[in-house]
Amino acid sequence: MMYETLLVDRADGVVAVTLNRPARKNAANAQMWSELLDVLREIGSRAADRVLVVTGAGGDFCSGADVSGMAETNGDAGTPTGTGTDTDARTHGLASMRHVGDVALALRRLPQPTIAKVRGVAVGAGLNMALLCDLVVASENARFSEIFARRGLTIDFGGSWVLPRRIGLHRAKELALFADIIDAAEADRIGLVNRVVPDGELDAFVDDWARRLAAGPPIALAQTKRLLDNAIGITLEQALDDEGAAQTINFSTADTAEAMQAFIAKRQPEFQGR
Numbered sequence: 003m004m005y006e007t008l009l010v011d012r013a014d015g016v017v018a019v020t021l022n023r024p025a026r027k028n029a030a031n032a033q034m035w036s037e038l039l040d041v042l043r044e045i046g047s048r049a050a051d052r053v054l055v056v057t058g059a060g061g062d063f064c065s066g067a068d069v070s071g072m073a074e075t076n077g078d079a080g081t082p083t084g085t086g087t088d089t090d091a092r093t094h095g096l097a098s099m100r101h102v103g104d105v106a107l108a109l110r111r112l113p114q115p116t117i118a119k120v121r122g123v124a125v126g127a128g129l130n131m132a133l134l135c136d137l138v139v140a141s142e143n144a145r146f147s148e149i150f151a152r153r154g155l156t157i158d159f160g161g162s163w164v165l166p167r168r169i170g171l172h173r174a175k176e177l178a179l180f181a182d183i184i185d186a187a188e189a190d191r192i193g194l195v196n197r198v199v200p201d202g203e204l205d206a207f208v209d210d211w212a213r214r215l216a217a218g219p220p221i222a223l224a225q226t227k228r229l230l231d232n233a234i235g236i237t238l239e240q241a242l243d244d245e246g247a248a249q250t251i252n253f254s255t256a257d258t259a260e261a262m263q264a265f266i267a268k269r270q271p272e273f274q275g276r
């Protein structure tokens, strides 16, 4: 399927989705949100897709939502020129935000492991898109910001949920309230990213991680991802029950039998996702 704002490539179980509006530093407009929702739902339904890599074209990850049209709003009422009443505008705005929220949920709910490959700017919704991925690998030239406050906005695209889980509540408040831009080294220091690598090594590093994950057991990896995502909100007893249920499923799969046979034969297992 061809997309206007995305490039989608598949190879050996790895799906690469590239945000493709480089002239706008890959700012997400309405078309991109719709296309992202379509492609994420498609990936979630495809057993052949083992890993998702999200990145941006033209040297930047994503500069957030495209808010260029907001400069035309009425400063007194907040109503875009020619769009009717303030109530109409707010209703439309809430519907739009719910659509954007659907994209965030679709990304977070994917059973497959997800990697954000970040070059250049990852700010606003772009930063939170990266953080909603399971792993974040950044070039040493990457820059990050919860830039919303500079635009008179509050944090969105799941940032209020994912940011404190990544770096703790007090650091999350510092990034969100001051809206400072931080470099890759600082992002690494506070735990915002998993790895920072030289720009010339970024593609090879992420390709290696993606291939390793694609070769892993899909059912077990999906369950491990779900267990870790759910861990913060449950008790140890609940976690142990969930682990037991997941492990029971694993014991019934051909992949676990293959892993045991490969271990005995001293060879690499070949997982089929069944």
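Quick note on my numbering: the sequence shown kicks off at 3 and runs consecutively.
Virtual Cβ for every residue (Gly too), placed ideally from N, Cα, C.
Counting C-beta neighbours from all protein chains within 10 Å, is the total for residue i 16 or more, i.e. buried, or is it exposed?
| i | result |
| --- | --- |
| Lys27 | buried |
| Met3 | exposed |
| Leu179 | exposed |
| Lys175 | exposed |
| Phe273 | buried |
| Phe265 | exposed |
| Glu203 | exposed |
Taking 8 Å as the limit between beta carbons, can you name the residues of its chain near residue i, skipping five residues before and five after?
| i | result |
| --- | --- |
| Met99 | Asp158 |
| Leu229 | Ala241, Asp244, Glu245 and Ala248 |
| Asp201 | Arg121, Ser141, Glu142 and Asn143 |
By Cβ distance below 6 Å, which residues in the same chain neighbour residue i in space, the five residues on each side in sequence not counted?
| i | result |
| --- | --- |
| Val16 | Val53, Ala212 and Ala216 |
| Ala261 | Pro271 |
| Tyr5 | Glu37 |
Enumerate in chain order the residues of its own chain whose CB-to-CB distance from residue i is below 7 Å, with the five nearest sequence positions on each side excluded.
| i | result |
| --- | --- |
| Asp78 | With a pLDDT of 41 at Asp78, under the threshold of 50, the predicted position of this residue should be treated as unreliable, though the coordinate-derived value follows. So no residue of the chain qualifies. |
So residue i packs on residue j, CB below 8 Å; how close in whole Å?
| i | j | result |
| --- | --- | --- |
| Leu134 | Arg110 | 5 Å |
Taking C-alpha atoms, which residue in the options lies nearest to residue i?
| i | options | result |
| --- | --- | --- |
| Val208 | Val41, Thr116 and Ser65 | Thr116 |
| Leu9 | Glu44, Arg214, Ala59 and Ser141 | Ala59 |
| Cys64 | Thr7, Pro219 and Gln225 | Thr7 |
| Ala206 | Lys119, Arg12 and Ala30 | Lys119 |
| Ala259 | Leu238, Ala222 and Lys227 | Ala222 |
Does the separation of the CB atoms of residue i and residue j fall below 8 Å?
| i | j | result |
| --- | --- | --- |
| Asp139 | Arg48 | Rather than Asp, the amino acid found at residue 139 in this sequence is Val. No; because the gap between Cβ atoms is not below 8 Å, this pair is not in contact. |
| Ala108 | Leu165 | no |
| Asn143 | Gly160 | no |
| Gly66 | Ile184 | no |
| Arg269 | Ala256 | no |
| Trp35 | Val102 | yes |
Measure from the C-beta of residue i to each C-beta in chain D and report whether the shortest distance is under 8 Å.
| i | result |
| --- | --- |
| Gln225 | No chain D is present in this structure, which holds just one protein chain. |
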